[in-house]
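Residues in the sequence shown are numbered consecutively from 1, following the numbering used here. Beta carbons: idealized from backbone N, C-alpha and C, even for Gly. Below: the structure, in structure tokens.
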Amino acid sequence: MSPEELRIIIIVYASAIIPLILLCALWTKIPKWILKLYVLFFLVCAFGWEVWFNYGLFNGDSVNLRRSDVLNQWLPQDVNWILNSMADAGAISLGGLYLVWVASKKNPNVFEKWSWGSFIVLLIWCVGQNLFVEMFLYHDQLSIGKKLSWAPLSPLGDFYNPMLFEFKSRTVMLQTQLPWLFTPLIIYYFSIKINKKSG
């Protein structure tokens, strides 16, 4: 196992599990609608792209064909999409909402009506983390020549998938960025809707 493979394994498990531990530890201090959001965001991410990319369901290669045997052993295909969806729902989605709350100076009304400023904070967080993931975590699985499936939140599939830019021989493709351009809209919309319904 290389140091890079070990780093990937640790980051994937930690980003999936630590948010759940925090949700349990802070259960009495956070609004109950946060758990509903976690479940909803897990489902959106899982069925919006993670399952599709993981199994290569429509015109793509499965994750097992796009990465090393060591990663396939430690992050089995049937668990991989669950871990990624947990990280998407917890560390990214709820983490992004936490940043929105902090950026609003912890305004208790930040999730009661749409604010473009709050949405921009969330969008920058979501796209920024995804650029990091594509360039420094999963670059070997998502680079040119690695074929990803079409997915509902990546609707162009590989039919139109230009390289957006390259940095130190690591590429950023349109197909892998699309989910995190759409998902902030879903996250922010449902955080307001569920908060108001629960309030």
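Margin query: Considering just the uninterrupted stretch of the alpha helix (DSSP H) at residue 35, what are its terminal residues?
Written below: 33-45
Notebook entry, point to check: Is residue 183 buried or exposed, if buried means 16 or more other CB atoms sit within 10 Å of its CB?
Noted result: buried
Next item on the list: Return helix, strand or coil for residue 170, following the three-state DSSP convention.
Entry: strand
Notebook entry, point to check: Cβ of residue 149 within 8 Å of Cβ of residue 71?
Noted result: No; because the gap between Cβ atoms is not below 8 Å, this pair is not in contact.
Next item on the list: Return the bridge partner residues of residue 151 from the DSSP annotation.
Entry: Answer is 154, bridged to residue 151.
Note to self: Please identify the residue among 93, 122 and 120 whose C-alpha is closest to the C-alpha of residue 42.
What the structure shows: 93
Check: How about residue 96 and residue 187: do their beta carbons lie closer than 8 Å?
Finding: Taking C-beta atoms as the reference points, residue 96 and residue 187 count as a pair closer than 8 Å.
Next item on the list: Could you give the DSSP three-state label for residue 1: helix, strand or coil?
Entry: Of the three classes helix, strand and coil, the one that applies to residue 1 here is coil, per DSSP.
Check: Is the stretch 63-81 in contact with the stretch 110-128, if contact means three or more CB pairs nearer than 8 Å?
Finding: no
Checklist line | Whole-number beta carbon distance between residue 155 and residue 174, since they are thought to touch under 8 Å | finding: No, residue 174 and residue 155 are not in contact; Cβ-Cβ is about 11 Å, not under 8 Å.
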